[in-house]
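So the sequence lines, in the order shown, correspond to chains Y and B. Read in order, the letters of the first sequence correspond to residues 1 to 153 in the working numbering. Read in order, the letters of the second sequence correspond to residues 1001 to 1153 in the working numbering. The beta carbon of each residue, even a glycine, is placed where N, CA and C say it ideally should be. Taking it in order: structure first as structure tokens, then the write-up.
2 protein chains.
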Amino acid sequence: MDLFVSKYINKIDKKGRVSLPSSFRNVLPKANRNEIILYKSIKTPSIEGCGVGRLKEIAKRINNLDFFSEDYDDFSTSIFSEIVTTNVDKEGRFLIPEELKLYAGIKTEVAFFGQGHFFQMWEPKQGLKNTEDARRRLLKEKKSLRMMLTQQK
Amino acid sequence: MDLFVSKYINKIDKKGRVSLPSSFRNVLPKANRNEIILYKSIKTPSIEGCGVGRLKEIAKRINNLDFFSEDYDDFSTSIFSEIVTTNVDKEGRFLIPEELKLYAGIKTEVAFFGQGHFFQMWEPKQGLKNTEDARRRLLKEKKSLRMMLTQQK
DNA sequence: CATATACCCATTGACGCCCATATATTCCCA
DNA sequence: TGGGAATATATGGGCGTCAATGGGTATATG
């Protein structure tokens, strides 16, 4: 499986370390399995993360913008300066920068939510509430969740 | 990671030295790890920096501008003639020329902002404000910051 | 000779690396 | 197929190393 799926709740220890769920570690390419990138989610009070490979794609995309345009600077600043890289130790643990923990209201536990090509980290209660809300919105708006899940490409 | 990412705020000591963030040092080629180039940002009151290898890329970008346009001369002059090289000492510190510090309003602290293939140095408060402004502009113009981060190739 | 800058050494706190344990999971064999 | 052993995962903690910072002294450069 090369996608981030399922959800997990892990503890943050005294040193601030938290285990990246094993199944998430396996999604990372064997090469850069000891480094991930984190950044603030744009729409929610959560942290998003993924492997460094993704960052290189983003860099390529930004590099294709007009170098002297304002957009270039805005994207470059908003993305590169906001992204942090974190090392994953041999036991699969990493540190969440203080600023990101504040942004997500994370203190002693982290809820990991697989999102396919990336994952989100939430303060557990808020995270669970968010998934409920998301599902409720889908049903309420009569989006056909069932179709979405069963249709073949 | 071979990109300048994240942001750091470091102090300038009595001798005018400031530490280049460790992760930035690692982006520089192992060969010329003791030398960086600095120049005034064209669009903002900040200093931009990168490894000497990046010069070629800058030259290429400028060459892609219309050779007979006013912009060509302006950029060419503004950047090349203003570039200064600085040595990074064994502890990873370097001196910021007085003129550049004045240009950026830097006094006792420097905020380093990763920008992918280069980085910017700001007076901390102005730098943080700039980041907020950049993000606001992108969101306001409905430029798809989210897509930039999450889309697949 | 005077000022600036490179080199060397020191300190402090953060972080990486290593080892340890408990629980959970998988595997293998009788 | 049941049960025990081997393995993996989440978690705890010791300790050495490195990064950021401070400062003394040699050296260079005009």
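- Contact annotation, B:Asn1010 with B:Val1018: C-beta distance approximately 5 Å; criterion of less than 8 Å satisfied.
- For Y:Glu123, no beta strand (DSSP E) encloses it, and the DSSP letter there is neither H nor E.
- Interface with chain B (8 Å Cβ-Cβ cutoff): Y:Asp89 is excluded.
- Counting other Cβ atoms within 10 Å of its Cβ, B:Asp1071 stays below 16 and is therefore classed as exposed.
- Between Y:Gly53 and Y:Pro21, the C-beta spacing is not below 8 Å.
- B:Phe1080 carries a helical assignment under DSSP once its states are collapsed to helix, strand and coil.
- Nearest Cα to B:Lys1014 within the set B:Glu1132, B:Pro1124, B:Phe1112 and B:Thr1108: B:Thr1108.
- Short of 7 Å from the beta carbon of B:Val1005, and not among the five residues preceding or following it, lie these beta carbons of its own chain, in chain order: Gly1114.
- Residue-level contact check: B:Lys1056 does not touch chain Y, since none of the beta carbons of chain Y fall below 8 Å from its beta carbon.
- Boundaries around B:Asn1010 are those of the beta strand (DSSP E), Lys1007 to Lys1011, since no alpha helix (DSSP H) includes it.
- Contact between Y:Phe112 and Y:Phe118 does not hold, since the beta-carbon distance rounds to 11 Å and is not under 8 Å.
- Scanning the stretch 1034-1064 of chain B from its first residue to its last, the whole alpha helix (DSSP H) runs of 4-plus residues come out as 1054-1063.
- Counted as a single uninterrupted DSSP element, the beta strand (DSSP E) harbouring B:Glu1109 occupies residues Glu1109 to Gly1114.
- Here Y:Phe67 carries a coil assignment [DSSP, helix/strand/coil].
- For the set B:Val1084, B:Asn1130 and B:Asp1133, the Cα lying nearest the Cα of B:Ile1036 is the one of B:Val1084.
- If you look at Y:Leu95, you'll find it isn't in any alpha helix (DSSP H); it sits in the beta strand (DSSP E) that goes Arg93 to Leu95.
- In this structure, DSSP gives B:Asn1130 a helical state, which the three-state scheme calls helix.
- DSSP places Y:Ala31 in no alpha helix (DSSP H); its state is neither H nor E.
- For Y:Gly51, the closest alpha carbon among the candidates Y:Gly105, Y:Ile62, Y:Gly116 and Y:Leu128 is that of Y:Gly116.
- Under the criterion of beta carbons closer than 8 Å, B:Thr1131 and Y:Ser69 do not qualify as touching, at roughly 18 Å.
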